[in-house]
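A short write-up of the structure that comes next.
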Amino acid sequence: MKNSKVVVITGVSSGIGRVVAQKFAEKGYAVFGTVRSVGRSTGVAGIELVEMDVRDEASVQRAIQSIVDRKGCIDALVNNAGMSMLGAVEETAVSEAASVFDTNVFGMLRTIKAVLPHMRTQRQGRIVNVSSVLGFLPAPYMGLYAASKHAVEGLSESLDHEVRQFGIRVTLVEPAYTRTNLDANSPQAKATIPAYDREREIAARSVAKSINGAPEPEGVANTIVEAALGAWRMRHTPAGQALSKLRRFMPAGPVDASLRKALGLA
84 MKNSKVVVIT GVSSGIGRVV AQKFAEKGYA VFGTVRSVGR STGVAGIELV EMDVRDEASV
144 QRAIQSIVDR KGCIDALVNN AGMSMLGAVE ETAVSEAASV FDTNVFGMLR TIKAVLPHMR
204 TQRQGRIVNV SSVLGFLPAP YMGLYAASKH AVEGLSESLD HEVRQFGIRV TLVEPAYTRT
264 NLDANSPQAK ATIPAYDRER EIAARSVAKS INGAPEPEGV ANTIVEAALG AWRMRHTPAG
324 QALSKLRRFM PAGPVDASLR KALGLA
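Under my numbering, the first residue of the sequence shown carries the number 84, and numbering increases by one thereafter.
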């Protein structure tokens, strides 16, 4: 028998989002996956694609309302859509930084604000925000991406306190590197500064090597499904639990040294 619960997942055109959507569909949930263009996206059995651009307020409101009009509720929201950025902080234009935040932070905020009135009426719901290990362990040459994920962490914790009175809980999933297009095709700051070339290139090679050896999205997708359906806890860190413990329980000096060594900057 089909499960009547409704799940909305942003950014399902590829990678983690697509696998997450498939896993919910396999469990019998009514799955709505958002993409920027339905016409350019490949359909997946059991998943209804909805056109939505998280950077556009009207697009978000229209998409969420269309789902509620059809199904009457939204039980879970998975905020997966995101973008990365590689480059030194000094090299990154404010416009480039704004683009990262518009997708990773404000896009998430737009979707949350569109869904919450319906979840409050229902007096229940689960919001899963996909962050990153860089949300608690920032790395050089990914400063703006790390900053956006730090913002996601703070927003999520504050929001969870605010909405639990309505039977709604918010949780974070903090993946490490995963073999996806987001990680492999990270845009770079356009205005490079030669003084940073040597270290930036070392860091970029290290990141590429980590991605090549990273697991496929299935592990992270399983964690996201568990975060949405299982007993609540604030953080889920698939394949990155050791990093989480490193940051939270080791002195800052050894953590700093370990990070630089891992990136080849020691």
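Note that the Cβ used here is the ideal one computed from N, Cα and C, for glycine as well.
query	result
Considering only residues of the same chain and omitting the five flanking positions on each side of Leu346, which have a CB-CB separation below 6 angstroms?	Ala286 and Ser289
Alpha carbon to alpha carbon, how far is Cys156 from Val89? Give it in angstroms, no decimals.	7 angstroms
How about Ile92 and Phe115: do their beta carbons lie closer than 9 angstroms?	yes
Taking the alpha-carbon positions, what's the Asp341 to Ala197 distance?	Correcting the residue identity first, residue 341 is Ser in this sequence and not Asp. Rounded to the nearest angstrom, the two C-alpha atoms are 41 angstroms apart.
Tell me which residue opens and which closes the alpha helix (DSSP H) that Leu242 is part of.	Gly226 to Val246
Please give the ranges of any beta strand (DSSP E) in the segment 175–216, keeping only runs that are unbroken, at least 3 residues long and fully inside the region.	208–213
So, with DSSP's three-state summary, where would you put Asn162?	strand
Would DSSP call Arg252 helix, strand or coil?	strand
Drop a sphere of 10 angstroms on the beta-carbon of Met191, count the other beta-carbons inside from all chains shown, and report buried for 16 or more, exposed for fewer.	buried
Is the separation between the beta-carbon of Ser97 and that of Met168 shorter than 9 angstroms?	no
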